[in-house]
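Colleague: Okay, handing you the structure first.
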Amino acid sequence: MNTHKVDAIIVGAGGAGLMAALYASKGGATVAVVSKLYPTRSHTGAAQGGIGAALGNKIGDDPNPDKPIYHAYDTVKGSDYLADQNAAKVLAEEAVDAVLELEHMGLPFDRTLEGKISQRRFGGHTQNFGEKLVYRACHAADRTGHMILQTLYQQCIKAGVRFYDEYHVVDVLINNGTCVGVVAIDLNSGEFHTFHGKATLFASGGWGRCWQVTSNAHSMTGDGAAAVFRRGIPMQDMEFFQFHPTGIFKLGILITEGVRGEGGILVNRHGERFMEKYAPHVKDLASRDVVSRAIYNEVKAGNGIQGRDYVYLDIRPETVNRYFAEAGESKRIDREYVEKKLPDILDFCRTYLGVDPVVEPMPVQPTAHYAMGGIPTNVNAEVVIDANWTVMPGMYAAGETACVSVHGANRLGTNSLVDLVVFGRRGGKNIAEFVKSAHFTDLPADADKEIKAEFERIRACKGKTRAYTLRDRMQKLMNDNVGVYRTAETMQAAVEGLRELRETFIKDLHVDDRGKRFNTDVMEAWELENLLDLAEVTAVSALNRRESRGAHSREDFPKRDDANLLVHTLAYREAPSLYGVAAPEYKLNMDKKVDLSLAADDPRFAPKERVY
Amino acid sequence: MVDVTLRIRRYNPEDTQNRKPYWQEFSLKDCHPSDRVLDMLHRVKWEQDGTLALRRSCAHGVCGSDAMRINGRNMLACKALIRDLFSPVPDSVKIQVEPILGLPVLKDLIVDMEPFFAHYREVMPYFINDDPLPANGRERFQTQEDRERFDDTTKCILCACCTTACPSFWANGQYVGPAAIVQAHRFIFDSRDKATAERLAILAEPNGVWRCRTIFNCTPACPREIEVTRAIGEVKLAIQRGTTEGIIKVTEIKEVVSNS
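Which chain is which? The protein sequence lines are X and S, in order. Okay, so the first sequence: first residue is 1 according to the numbering used here, each after it adds one. Okay, so the second sequence: first residue is 1001 according to the numbering used here, each after it adds one.
Right, here's the structure in full:
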């Protein structure tokens, strides 16, 4: 058996993983970063618009006063009051320092005329508790995530962090109630490796590939979340999955909210700026759930472009300037400005659509984007396994795969990047402290036996159905039934459909590649197994929540129910065996109350109707 | 709709029937001119032959996983559309796909990236400035002009399209290659960074910038449209002058020369 013994194992090398690795390493821990991708391929690199922090840098003539408490307020309101307010406070306060630290690490932010970090407007980010839009999103053109990923990887190289690139983590090891490591496959050799550590942090990203139209990379298959879920850790708030309003029509490729932050607007087939109806105050810069529902409603009313299921996003300078003038703003933009501020989205549209956004509007539709739910943690990135905040020793999580919860029922734009630097850093710091006094707990006997057996089973499959066919069906099923709007009927149909797919996966899967080296055929089947598990718990959790809140919009329960449901969902999987189970049972716990600590001192944080 | 014949360079060290790399053709009906080469490779893998091995992730040109040699030119498979390869698009086309050159092939389109990343690490690809931070804990200031100076090279996604398009790199794998120089340029021309001399010294070594013969293969290969050859040229100039001061951008030459 190939065994590696280190203080800290970091699963995933995106922003959260690299930040945690850096801080654990700086704190004196020996660290192994284990990732199925080369670190610079991680999906953090696809984040575009910016990272929110209340720096309050003056923008042009605008003095732009900003405070972390405003950012916390916007986060809580954006979350439709499901965020834990203590966590939202940590996020907003530490965002300032975290962004400045990224600058000190060399991150090339765009600059203001004074030479400070440039900030732009973003959906749901306001001054003075919703008074007016604020410039809060610190950015490097429209490749902010790329620059964060590069900068953190660079710093990890500088710090001598040890990387296991293209090692795919497939199982988590728990012994005597303590997390003791993971099992990974070296993709190049096909060999299994066991990583034995005092602390293991999951920063393995989301699972947007459960849906057909998604902004997510092919790799976003929730491997880490699925592995811990099978081993008895609950998934929290899985019903809340964000649909970003502006994905490129059909392709799902993300068009940053920064387009609207720079003045872009959404229009329907009649040329009407329809967001004025849905969010009269901040219009196109309302929260993402609000804008996605608005697009859906426009399409349903026959107002989609050519009567189809998309609308236009317009960043043409003449359009933007007309609305700036109408709003009495002095700012004007020109073609050069758009080219400078949004080069990548112009490139995407020109490459994939043959559309030049400077001269014609972009066709967009909502795209599956971000998991608000995931592995439950406290603000120290420690994984908590029940409604009483009981910590699983040695297990940590941060970033999209974790649920702190700072995003509640709907994440604000820019807050994913804030989340990963703030809580990745906290995770790394806490791990460095933890491993100083903690001892290694033994590995369980035959640590890799079960997972090896499952891979041998998949590798030998000689059925008739390819993983691709099943994945395609799953993605359509989720798009149609667990999308922007849901009802009991659609979610029930999803659960049943997923069970059928799971059965086919067990009984009739076909695999071509029997080899070991880069057997991506088997790995894709494995990723599908993870997606099926996460899709099912998403549908089950959604069916169980009889209200509409944030990204979870039920046509049969259109109202929010604060009296009964100001709580987090904890979903546990109970199955006779780990893999290939025909129909796992789920235990849904609704006892974990939302933290309302800010509201206790300040009534402005108390749940109320959400108007933008 | 287009019929595509995809001619793929195959190699699998575990394949006892084929000890050496070989070409294999796959037919795909009803492709769309806007289909990406990645879409077609996926169709082959998902519908015809699951053993085909390739790397890919984001599928929209920002992660850098799927650099390949397509019809003889380095591209990202996710940014190479049929309509960009053929203009106008005929009813049937043949597209040849092979691994990038100059790095050992591990399986099919997957190459060993380690030598590439080793060169990357050689150029100190990280920000260095040990001066005290601003007393108020805030950001270091940088003018918009100073930020603009190295904007182009911050776009690099380390896909290796440039380095593996370079004949000098093919001839001598010890050469750090264009991508590593681009990464070094990003710091050398950053007004906040303090390790210019160290980086220039590394790149002044025989396997540094002087192996570049200004062949220009790297520039059109870059999927991020970085002016790679120019970046290398600027580093060469900085080494010769012993400073980055006064090295002007191509766009400024006319203005400067006519004023002198």
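Beta carbons are placed, not taken as given, at the ideal position from N, Cα and C, and that holds for glycine. Since this is a predicted model, take the numbers as computed values, not measurements.
#1: Report the partner residues of Arg549(X) according to the DSSP bridge assignment.
#2: Could you tell me which chain S residues have their CB closer than 8 Å to the CB of Glu103(X), listed as they occur along the chain?
#3: Taking C-beta pairs closer than 9 Å, name the residues in chain S that Met147(X) reaches, listed in chain order.
#4: Could you check what DSSP says for Val537(X) in three-state terms: helix, strand or coil?
#5: Along the region 509-521 of chain X, what residues have a CB closer than 9 Å to any CB found in chain S?
#6: Using a C-beta cutoff of 7 Å, does Leu342(X) count as contacting chain S?
#7: Closer than 8 Å by beta-carbon distance: list the chain S residues that pair up with Gly45(X), in chain order.
#8: Roughly how many angstroms lie between the CA atoms of Tyr337(X) and Val379(X), to the nearest whole one?
#9: With the cut-off set at 7 Å, would you say Pro343(X) and Ala488(X) are in Cβ contact?
#10: For Ser189(X), which of Asp165(X), Ile174(X), Asp512(X), Gly497(X) has the nearest alpha-carbon?
#11: In this structure, how does DSSP classify Asp347(X) when only helix, strand and coil are distinguished?
#12: If you drop the 5 nearest sequence neighbours on each side, which residues of the same chain put their C-beta closer than 6 Å to that of Tyr38(X)?
#13: Look up Arg457(X) in the DSSP assignment and say whether it is helix, strand or coil.
#14: Among residues of its own chain, excluding the 5 on either side of Asn297(X), which ones have a beta-carbon nearer than 7 Å to its beta-carbon?
#15: At a Cβ threshold of 7 Å, is Thr504(X) touching chain A?
#16: With a 10 Å radius around its C-beta and 16 neighbouring C-beta atoms as the bar for buried, classify Tyr370(X) as buried or exposed.
#17: With burial defined as no fewer than 16 other Cβ atoms inside 10 Å of the residue's Cβ, what is the status of Met1001(S): buried or exposed?
#18: In chain X, which residues lie with their C-beta within 9 Å of the C-beta of Asp1193(S)?
#19: Determine contact between the region 1080-1100 of chain S and the region 230-240 of chain X, defined as no fewer than three beta-carbon pairs at a distance below 8 Å.
#20: Report yes or no: do three or more beta-carbon pairs, one from the region 4-16 of chain X and one from the region 442-459 of chain X, lie closer than 8 Å?
#21: Quick one: grab the DSSP three-state call for Asn479(X).
#22: What's the call for Asn216(X), buried or exposed, on a 16-neighbour Cβ count within 10 Å?
#23: Can you give me, in chain order, the residues of the region 145-169 of chain X that have a beta carbon less than 7 Å from any beta carbon in chain S?
#24: Does the beta-carbon of Val90(X) have 16 or more other beta-carbons within 10 angstroms, so that it is buried, or is it exposed?
#25: List, in chain order, every chain S residue whose beta-carbon is nearer than 7 Å to that of His218(X).
#26: At a CB distance below 7 Å, what residues from the region 71-103 of chain X approach chain S? Give them in sequence order.
#27: Going by alpha carbons, who is nearest to Glu103(X) out of Gln1142(S), Pro1115(S), Ala1201(S), Asp1112(S)?
#28: Tyr468(X) CB to nearest chain S CB: under 7 Å?
#29: In chain S, which residues lie with their C-beta within 7 Å of the C-beta of Gly115(X)?
#30: Once DSSP output is grouped into helix, strand and coil, what is the label at Ser613(X)?
#31: If you follow the beta strand (DSSP E) that Thr569(X) is part of, which residue opens it and which one closes it?
#32: Residues of chain S with CB closer than 8 Å to the CB of Leu565(X), please, in chain order.
#33: If you reduce the DSSP assignment to three classes, tell me which class Arg1192(S) lands in.
#34: Using a C-beta to C-beta distance shorter than 9 Å, which residues of chain S count as neighbours of Asn479(X)?
#35: Quick test of the definition: if touching needs 3 or more C-beta pairs under 8 Å, does the region 423-430 of chain X touch the region 460-468 of chain X?
#36: Return no unless some Cβ of chain S is closer than 7 Å to the Cβ of Arg41(X).
Modeller: Judging by the given coordinates:
#1: Here residue 549(X) is taken as the residue at index 549 of the first sequence, counted from 1. Paired residue(s): His552(X).
#2: On the first sequence, residue 103(X) is found 103 positions in, with the first residue counted as 1. Residues of chain S passing the Cβ test: Glu1139, Arg1140.
#3: Here the question's residue 147(X) lines up with position 147 in the first sequence. In chain order: Thr1154.
#4: Reading the first sequence from its first residue, position 537 is the one you call residue 537(X). In the structure shown, Val537(X) sits in a helix (DSSP, three-state: H, G or I).
#5: His510, Val511, Asp512, Asp513, Arg514, Gly515, Lys516, Arg517, Phe518, Asn519, Thr520, Asp521
#6: In the first sequence, residue 342(X) corresponds to position 342, counting from 1. By this cut-off, Leu342(X) is not an interface position.
#7: Indexing the first sequence from 1 puts residue 45(X) at position 45. Within 8 Å Cβ-Cβ: Cys1058, Val1062, Cys1063, Ile1157.
#8: Along the first sequence, one-based indexing puts residue 337(X) at 337. Along the first sequence, one-based indexing puts residue 379(X) at 379. So the alpha carbons of these two residues sit roughly 39 Å apart.
#9: On the first sequence, residue 343(X) is found 343 positions in, with the first residue counted as 1. On the first sequence, residue 488(X) is found 488 positions in, with the first residue counted as 1. No, the Cβ-Cβ distance between Pro343(X) and Ala488(X) is not below 7 Å.
#10: Stepping through the first sequence from its first residue, residue 189(X) is reached at position 189. When only C-alpha atoms are compared, the closest one is Asp165(X).
#11: Locating residue 347(X) in the first sequence gives position 347, counting from the first residue. In this structure, Asp347(X) counts as helix in the three-state DSSP scheme.
#12: Against the first sequence, residue 38(X) aligns to sequence position 38. Hits under 6 Å: Asp165.
#13: Taking the first sequence and counting its residues from 1, the one referred to as residue 457(X) is at position 457. Here Arg457(X) sits in helix by DSSP.
#14: Here residue 297(X) refers to the residue found at position 297 of the first sequence. Cβ neighbours of Asn297(X) beyond the five flanking positions: none.
#15: Checking the listed chains, one finds no chain A in this structure; the protein chains it contains are X and S.
#16: Locating residue 370(X) in the first sequence gives position 370, where the first residue counts as 1. Flag for Tyr370(X) reads buried.
#17: On the second sequence, residue 1001(S) is found 1 positions in, with the first residue counted as 1. It counts as exposed.
#18: Counting from 1 along the second sequence, the entry for residue 1193(S) is found at position 193. Those are Gly106, listed as they occur along chain X.
#19: no
#20: no
#21: Translated into the one-based positions of the first sequence, residue 479(X) becomes position 479. Helix, per DSSP.
#22: Within the first sequence, numbered from 1, the residue matching residue 216(X) stands at position 216. Buried is the call here.
#23: His146, Met147, Gln154, Gln155, Ile157, Lys158
#24: Numbered from its first residue, the first sequence carries residue 90(X) at position 90. Classification of Val90(X): buried, given that the 10 Å Cβ count is 16 or more.
#25: As a position in the first sequence, residue 218(X) is number 218, starting the count at 1. Within chain S, the residues near His218(X) are Arg1056, Ser1057, Ala1059.
#26: Leu100, Glu103
#27: Taking the first residue of the first sequence as 1, we reach residue 103(X) at position 103. For Glu103(X), the nearest C-alpha among the options comes from Gln1142(S).
#28: The residue labelled residue 468(X) in the question sits at position 468 within the first sequence. So, interface residue.
#29: As a first step, residue 115(X) is located in the first sequence; it is residue number 115 there, counting from the start. Going along chain S in sequence order, the residues near Gly115(X) (Cβ under 7 Å) are Phe1141, Gln1142, Thr1143.
#30: There is simply no residue 613(X) to check, as chain X begins at 1 and stops at 612 in what is shown.
#31: Mapped onto the first sequence, residue 569(X) falls at position 569. First-last of the beta strand (DSSP E) with Thr569(X): 567-574.
#32: On the first sequence, position 565 is the one that residue 565(X) refers to. Neighbours of Leu565(X) on chain S: none; closest Cβ ~36 Å, over 8 Å.
#33: One-based indexing of the second sequence puts residue 1192(S) at position 192. In this structure, Arg1192(S) counts as coil in the three-state DSSP scheme.
#34: As a position in the first sequence, residue 479(X) is number 479, starting the count at 1. The premise fails here: Asn479(X) is roughly 17 Å from chain S at the closest Cβ pair, so nothing lies under 9 Å.
#35: no
#36: For the purposes of this step, residue 41(X) is taken as the residue at position 41 of the first sequence. Yes - at least one Cβ of chain S is within 7 Å of the one on Arg41(X).
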